[in-house]
Each structure stands twice: as C-alpha cells, then as structure tokens.
Amino acid sequence: ELNGDGIHRIQNVLSLQHDIHDLFDTLDLWFEATDTKDLYKLRSTQALPSSSNGFADFRNDDPNSLPPPSSDYLAIHAAVCIVAQMSGAAAFVEEFYENWGDTHVLAADGTSARLLQFVLEPLSMASPLSVH
Numbered sequence: 083e084l085n086g087d088g089i090h091r092i093q094n095v096l097s098l099q100h101d102i103h104d105l106f107d108t109l110d111l112w113f114e115a116t117d118t119k120d121l122y123k124l125r126s127t128q129a130l131p132s133s134s135n136g137f138a139d140f141r142n143d144d145p146n147s148l149p150p151p152s153s154d155y156l157a158i159h160a161a162v163c164i165v166a167q168m169s170g171a172a173a174f175v176e177e178f179y180e181n182w183g184d185t186h187v188l189a190a191d192g193t194s195a196r197l198l199q200f201v202l203e204p205l206s207m208a209s210p211l212s213v214h
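Quick note on the numbering used here: the sequence shown kicks off at 83 and runs consecutively.
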C-alpha cells in the first residue's frame, strides 16, 4: 500500500506547524486516538508549543475529497515513538538530527552512506530545475 506512488497518498500526508513537525520527526510526538473519529490527543516527551491546544482535529466537511490522515499510519507512528522512547533509540535519532550537519567528509569505508542518503533524499523529491 505504501510502495511506489502509494507513499504520496493524501492519507500519508500531514501539514504541521514547524516546531511540532520537528517533534514528530524526532519521534518525540505522536497522536493518540480519542473516542471521537479523526480527533487525536497530542502526546509528546517535550513541552508542546504554547500555540497548541494539545489536540489535532482532522475532521472536515468533505472527507471524500480531503481524507484525513490514516488512523493506521498514525497508530504505527505512535507505536514506533513509544518503543523508541522506551528503548533509548529516540536519543540516538535526536543526536543524529543534531549532528548530521557537523559532518564535512564522508567515510571512505562507506559507513556514512545512510547520512548521504538522508541529506540527498529531500532533493530527490524537489521539482527538477529547467536550465536554459
């Protein structure tokens, strides 16, 4: 379902405020389902920004044209966050995000290949430049 073009389905897209997006990316924020469909409680290991009311409301008047994020994908992200926090892996992820910019030379033995992939991946999604 998430292979190929399926990864870009609208149900796998979130538009988040920058500071909340950072917490989401570093596995410090996840969405906890409530009794109300498409309404989630924000859970975080960090203080939430003052602009947040602690909830994410994905309900809208036309869910057929604008479907909410997949509850399954949000539940998977939540499980990954909880496991990462309990295992200590989240600290490694945070350290990686903080330090990747300090790397100026790639390792000759190829051990920094994942770092290179991480840095270049956003560029692969950018629109191609047209040179005249």
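Ideal Cβ placement from N, Cα and C applies to all residues, glycine included. Note that the structure is predicted; figures quoted are calculated from it, not measured.
THR108 sits close to GLU176, with the two beta carbons spaced by under 9 Å. By the CB criterion at 9 Å, TYR155 and PHE140 fall outside the cutoff. A Cβ-Cβ distance of about 6 Å is found for the pair PHE113 and ALA138, placing them in contact under the 8 Å criterion.
Non-local C-beta neighbours of VAL95 in its own chain, meaning closer than 8 Å and more than five positions away in sequence, comprise PRO151, ordered along the chain. Boundaries of the alpha helix (DSSP H) harbouring LEU156: 153-169, taken from the DSSP string. Taking C-beta atoms as the reference points, ILE102 and LEU130 count as a pair closer than 9 Å.
Here the C-alpha atom of ALA166 lies approximately 27 Å from the C-alpha atom of LEU188. Spanning the alpha carbons of SER194 and ALA115 requires a straight line of approximately 37 Å.
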